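For the sequence shown, my numbering begins at 1350 and goes up steadily by one. Yeah, the Cβ is synthetic: ideal placement off N, Cα and C, and Gly gets one too. Quantities reported herein were computed from a predicted structural model and do not represent experimental measurements.
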Amino acid sequence: MFSLLQKKLGREGPTRLVIPEVLTEPGLHVEGTKLDIVEFAEGESKHIACVYLPFMKALLSADLVYNNAHLHLQERHLESWLARLDELEEFAKNRVSTICPGHGTAGDLRLICRLLQICAISPRRLRAATQKLPSSGSWPNTWNTV
């Protein structure tokens, strides 16, 4: 995979392979500042980990929240995604003022409400649409290349 990225991306590609370390606690320390890792169960994907910056009242939400971006429903986790958004909304109360979504520009807590509204427009239609999508492992190979 590393050489594939180097070949496809050229000078913009990675120059070295970085293997992540397993976290032994739910947080990171960056230049003396602690960042909290907040884990959520199955949502947009099987597992979501967000980074909470309490000193900024900000949350790096990964793919749990989108802003003005097409929802990725290929993995067919719509019901659990909606449940995670409810959990995120509860977590964010009095803690978070800025959400940096995995897709789109940063915003406030209304991003969660907007995403819930989009999904609530017609859950039946969204479920039907996700059933028509190929499973994650069956997209044409050209779609899986970087």
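Compare the beta carbon distance of Cys1449 and Leu1384 with 8 Å and say whether it is the shorter of the two.
no
Quick check: what's the CA-CA separation for Glu1393 versus Leu1437?
13 Å
Using CA atoms only, rank isn't needed, just tell me which of His1396, Glu1388, Val1367 and Ile1368 is closest to Glu1374.
Glu1388
Tell me the residue span of the beta strand (DSSP E) that contains Glu1388.
Thr1382 to Phe1389
What residue range is occupied by the uninterrupted alpha helix (DSSP H) comprising Ser1410?
Element bounds for Ser1410: not the alpha helix (DSSP H) but the beta strand (DSSP E), Ala1407 to Tyr1415.
Nearest by alpha-carbon distance to Asn1417: which of Val1367, Thr1382 and Arg1459 is it?
Arg1459
For Thr1364, tell me which candidate among Glu1370, Gln1355, Val1371 and Lys1395 has the shortest Cα-Cα distance.
Gln1355
At the level of alpha carbons, what is the spacing between Leu1377 and Glu1370?
11 Å
Residues of its chain near Leu1464, where Cβ-Cβ distance is below 7 Å and the 5 sequence neighbours each way are ignored
Val1414, Tyr1415 and Leu1434
Determine the burial state of Ala1441: buried for a count of at least 16 other Cβ atoms within 10 Å of its Cβ, exposed for fewer.
buried
How would you call Ser1410, buried or exposed, if buried means at least 16 neighbouring beta carbons within 10 angstroms?
buried
For Ile1467 and Gly1451, what's the separation of their Cα atoms in angstroms?
17 Å
Name, in chain order, the residues that DSSP records as bridge partners for Cys1399.
Val1387
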